[in-house]
Amino acid sequence: MFVQNLRLALNALLANKLRAALTMLGITIGVGAVITLLAIGDGVTRYVTNQFAGLGTNLIFIVSQTGEDPNGPPDRAASSTLTLRDLELLSQLPGVSGAAPSTSRNRDMQFRGNAYRATVQATTAAYARLRNIDLDRGRNLTDQDENGRSRVAVIGSSVAENLFGAEIDPLGETFKIDNINFRVVGIAAPRGGSGFGNQDDFVLVPFSTAQTRLFSSRNPKTGEPAVASILVQAASANLVDEVIIDATNTLRQTHNITFRDEDDFRILTQQDFLNAFGQITTGLTFFLGAIAAISLLVGGIGIMNIMLVSVTERTREIGLRKSVGARYADILGQFLTEAVVLALLGGVVGILLGWAGSIAIGQLVPDLETAVTPGAVLLAVGFSTAVGLFFGIYPASRAAGLHPIEALRFE
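The sequence shown begins at 177 in my numbering and counts up one residue at a time.
Okay, here's the thing in structure tokens:
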């Protein structure tokens with residue numbers, strides 16, 4: 177019976193090709209839009225994951241609850257509760273392979289009449305290793321630079337291009353940050369754009385130099401040099417949770433904190449950021465997918481409309497079939513099959529359309545690796561089948577419920 181119903185459905189659709197094509201259009205557009213959006217959502221998720229992987233591995237971010245305004249001038253910046261003493265204690269914890277402070281400000285720079293504004297990052301020699309910053313040429317910051325408060329800097333490729341130009345090799349050159357001379361000792365390899373800003377638009381300077389010459393911030397309680405955040409790297413992924421517990425206990429002890437709700441710091445991991453971005457991208461994908469699903473609803477209504485027209489046109493055929501022994505289930509199956517085939521054909525074309533849309537988006541945005549997943553295809557096929565069944569039930573049951581004598585007398 178299924179094969180026979182399938183053959184009858186295909187014959188009915190081929191007899192009205194244009195009408196069938198127009199009916200499938202709503203399903204096609206809806207499925208294509210849903211698949212394209214799912215591919216974009218998958219690409220965004222993969223992109224964000226790769227960006228966080230580029231920050232470093234097994235990183236733990238410790239920030240002050242009061243925090244510092246990274247773009248604000250020193251006289252308006254709120255003092256951080258984290259200090260270099262905290263950094264020293266955290267670096268000595270079991271399972272910690274490295275730690276580095278980080279305080280940043282946007283600052284104006286000059287070189288031979290050229291001016292540029294970029295982020296100046298005050299940190300130590302360990303920062304570049306923790307953040308996976310590779311050098312194109314030159315050297316990284318060293319402990320000697322930190323101890324000697326040297327006016328040296330490692331610059332990103334964007335700073336090298338915009339401040340020094342293409343004809344001048346910045347390595348060894350002297351430029352000014354807030355009218356203070358700094359010598360370029362290293363140039364970072366290009367890392368490309370990011371969802372977190374331009375990763376090549378930075379200048380690394382020794383933390384001690386920044387504290388004495390560029391921007392100084394002190395802990396309001398102890399008067400010690402304050403840092404905006406501390407990066408801690410666990411020796412392995414399995415030790416991240418253990419390091420977080422030890423770091424929390426250490427900071428509570430040094431900050432004289434008794435209760436958890438009195439914490440003046442926050443500890444975040446890369447997974448926390450991934451989860452937050454994942455919730456955002458999932459919500460956006462669901463929202464956009466719901467909008468695209470309206471096309472599927474419109475397409476389903478179109479299928480119901482055409483099937484009702486088809487029932488009216490084939491009333492005598494239905495009466496003839498019932499008069500020679502066709503049962504209610506036979507007629508119901510025939511018209512349901514026709515509705516499902518109509519929806520499935522539209523879904524197949526929609527899958528091809530969504531695949532083409534995914535490729536087009538990937539070409540327009542090279543950083544976004546879009547891909548049509550098997551799950552998206554199964555979802556499209558299942559949704560198309562469900563639409564065909566749902567919107568085909570009423571016309572099919574109406575056809576199956578016709579009285580054979582009245583159907584034969586229909587003009």
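Where a beta carbon is used, it is the ideal one built from N, C-alpha and C, also for glycine.
Cβ separation of Ile363 and Arg389, assumed to be a contact under 8 Å, to the nearest whole Å: The residue given as residue 363 occupies position 187 in the sequence shown. The residue given as residue 389 occupies position 213 in the sequence shown. So it is not a contact: roughly 22 Å between Cβ atoms.
Whose C-alpha, out of Gly495, Glu545, Ala191 and Ala402, is nearest the C-alpha of Ala215? Looking up residue 215 in the sequence shown gives position 39. Nearest to Ala215 by C-alpha distance, out of Gly495, Glu545, Ala191 and Ala402, is Glu545.
Buried or exposed (CB count within 10 angstroms, at least 16 for buried), Leu190: Taking the sequence shown and counting its residues from 1, the one referred to as residue 190 is at position 14. Answer is exposed; the Cβ neighbour count stays below 16.
N-terminal and C-terminal residue of the alpha helix (DSSP H) that Ala562 is part of: Position 386 of the sequence shown, counting from 1, holds the residue named residue 562. Ala562: member of the alpha helix (DSSP H) spanning Pro550 to Ala576, first to last residue.
Report the rounded CA-to-CA distance for Asp440 versus Ala301, giving the unit in angstroms. Locating residue 440 in the sequence shown gives position 264, where the first residue counts as 1. Locating residue 301 in the sequence shown gives position 125, where the first residue counts as 1. Straight-line Cα distance between these residues: approximately 26 Å.
9 Å Cβ cutoff met for Leu555 and Val239: As a first step, residue 555 must be located in the sequence shown, where it is residue number 379. As a first step, residue 239 must be located in the sequence shown, where it is residue number 63. No, the Cβ-Cβ distance between Leu555 and Val239 is not below 9 Å.
Let's see if you can read the secondary structure: which residues bound the beta strand (DSSP E) around Asn290? If you number the sequence shown from 1, residue 290 lands on position 114. Per DSSP, Asn290 is one residue of the beta strand (DSSP E) stretching across Asn290 to Thr299.
Cβ of Ile482 within 9 Å of any chain D Cβ: Of the protein chains in this structure there is only one, and it is not chain D.
Please work out which residues of its chain come closer than 6 Å, Cβ to Cβ, to Ala304, disregarding the five sequence neighbours upstream and downstream, and give them in chain order. Residue numbering aside, residue 304 sits at position 128 when the sequence shown is read from its first letter. Within its own chain, the residues whose Cβ lies closer than 6 Å to the Cβ of Ala304, once the five positions on either side in sequence are excluded, are Asn316, listed in chain order.
Our contact map puts Ile169 next to Ile420 with C-beta atoms below 8 Å; I'd like the distance itself, whole angstroms only. As displayed, the chain neither begins before 177 nor continues past 587, which places residue 169 out of reach and without an answer.
Could you tell me which uninterrupted alpha helix (DSSP H) segments, each at least 4 residues in length, are contained entirely in the segment 384 to 432, listed from first to last along the chain? Counting whole runs of 4 or more residues, the segment 384 to 432 contains the alpha helix (DSSP H) stretches 416 to 430.
When you compare the CB positions of Ala469 and Ala515, do they come within less than 9 Å of one another, or not? Taking the sequence shown and counting its residues from 1, the one referred to as residue 469 is at position 293. Taking the sequence shown and counting its residues from 1, the one referred to as residue 515 is at position 339. No, Cβ-Cβ distance for Ala469 and Ala515 is not below 9 Å.
Chain-order list of residues whose beta-carbon lies under 8 Å from that of Leu194 (same chain, five-residue window excluded): If you number the sequence shown from 1, residue 194 lands on position 18. Here Leu194 has no same chain residue with a Cβ atom under 8 Å from its own Cβ, once five neighbours each way along the sequence are excluded.
State the DSSP-derived secondary structure class of Gly362, mapped to helix, strand or coil. Along the sequence shown, read from residue 1 onward, the residue named residue 362 stands at position 186. Reduced to three states, the DSSP call for Gly362 is strand.
Quick one: what does DSSP say Pro382 is sitting in, helix, strand or coil? Your numbering for residue 382 matches position 206 in the sequence shown. Here Pro382 sits in strand by DSSP.
Taking contact to mean 3 or more Cβ pairs, one atom from each stretch, closer than 8 Å, check whether the segment 497 to 510 and the segment 522 to 535 are in contact. They do not touch, by the three-pair rule.
Enumerate in chain order the residues of its own chain whose CB-to-CB distance from Ser384 is below 6 Å, with the five nearest sequence positions on each side excluded. Stepping through the sequence shown from its first residue, residue 384 is reached at position 208. Answer for Ser384: Glu322 and Arg325, listed in chain order.
Closest residue to Thr513 among Thr488, Val500, Gly501 and Ala575 (Cα-Cα distance): Here residue 513 corresponds to residue number 337 of the sequence shown, with the count starting at 1. Thr513 has its Cα closest to that of Ala575, out of Thr488, Val500, Gly501 and Ala575.
Restricting to Cα atoms, I'd like to know which of Leu186, Leu201, Gly219 and Gly208 is closest to His542. Counting from 1 along the sequence shown, the entry for residue 542 is found at position 366. The sequence shown places Pro at residue 542, rather than the His named in the question. Checked all of Leu186, Leu201, Gly219 and Gly208; the closest Cα to Pro542 is Gly219.
Which value, in whole angstroms, describes the spacing of the CA atoms of Val485 and Thr491? Indexing the sequence shown from 1 puts residue 485 at position 309. Indexing the sequence shown from 1 puts residue 491 at position 315. If you take the alpha carbons of Val485 and Thr491, they lie about 10 Å apart.
Since Ala386 and Thr279 should fall inside the 8 Å C-beta cutoff, what is the C-beta to C-beta distance between them, to a whole number of angstroms? For this step, residue 386 is matched to residue 210 along the sequence shown. For this step, residue 279 is matched to residue 103 along the sequence shown. About 7 Å separates the two Cβ atoms, so the contact holds.
Using 9 Å as the threshold, is the C-beta distance between Pro366 and Ala298 below it? Here residue 366 refers to the residue found at position 190 of the sequence shown. Here residue 298 refers to the residue found at position 122 of the sequence shown. For Pro366 and Ala298, no; Cβs fall outside 9 Å.
Check whether the Cβ atoms of Gly476 and Val557 sit closer than 9 Å, and answer yes or no. Here the question's residue 476 lines up with position 300 in the sequence shown. Here the question's residue 557 lines up with position 381 in the sequence shown. For Gly476 and Val557, no; Cβs fall outside 9 Å.
Bridge partners - Gln328, DSSP secondary structure assignment: The residue given as residue 328 occupies position 152 in the sequence shown. The identity of residue 328 in the sequence shown is Val, whereas the question assumes Gln. Beta-bridge pairing links Val328 to Arg359.
Which stretch, first to last residue, makes up the beta strand (DSSP E) that contains Thr461? Counting from one through the sequence shown, the residue named residue 461 turns up at place 285. Per DSSP, Thr461 belongs to no beta strand (DSSP E); it is in the alpha helix (DSSP H), Gln446 to Glu489.
Is Asn247 helix, strand or coil when you go by DSSP? In the sequence shown, the residue the question calls residue 247 occupies position 71. Caution applies to Asn247, whose pLDDT of 46 falls short of 50 and renders its modelled position unreliable; the model cannot decide the point.
So for Gly533, helix, strand or coil by DSSP? Within the sequence shown, the letter at position 357 stands for residue 533. Helix, per DSSP.
Spatial neighbours of His579 within its chain, please: CB distance less than 6 Å, with the 5 preceding and 5 following residues excluded, ordered by chain position. Along the sequence shown, read from residue 1 onward, the residue named residue 579 stands at position 403. Hits under 6 Å: none found.
Can you find at least 3 beta carbon pairs, one from the segment 269 to 286 and one from the segment 393 to 408, that sit closer than 8 Å? A contact exists between the segment 269 to 286 and the segment 393 to 408.
By the 10 Å Cβ neighbour count, where 16 or more other Cβ atoms means buried, how is Ser471 classified, buried or exposed? Counting from 1 along the sequence shown, the entry for residue 471 is found at position 295. In this structure Ser471 is buried. Its beta-carbon is surrounded by 16 or more other beta-carbon atoms within 10 angstroms.
On a Cα-Cα basis, can you pick out the residue from Ala291, Leu473 and Leu266 that is closest to Glu418? Taking the first residue of the sequence shown as position 1, residue 418 is located at position 242. Considering only Ala291, Leu473 and Leu266, the residue with the shortest C-alpha distance to Glu418 is Leu266.
Would you report the Cα separation of Ala196 and Val517, rounded to the nearest angstrom? In the sequence shown, residue 196 corresponds to position 20, counting from 1. In the sequence shown, residue 517 corresponds to position 341, counting from 1. Looking at the two C-alpha atoms, the distance is approximately 10 Å.
Touch test, the segment 330 to 339 against the segment 257 to 264, Cβ-Cβ under 8 Å, three pairs minimum: Under the three-pair Cβ rule at 8 Å, the segment 330 to 339 does not count as touching the segment 257 to 264.
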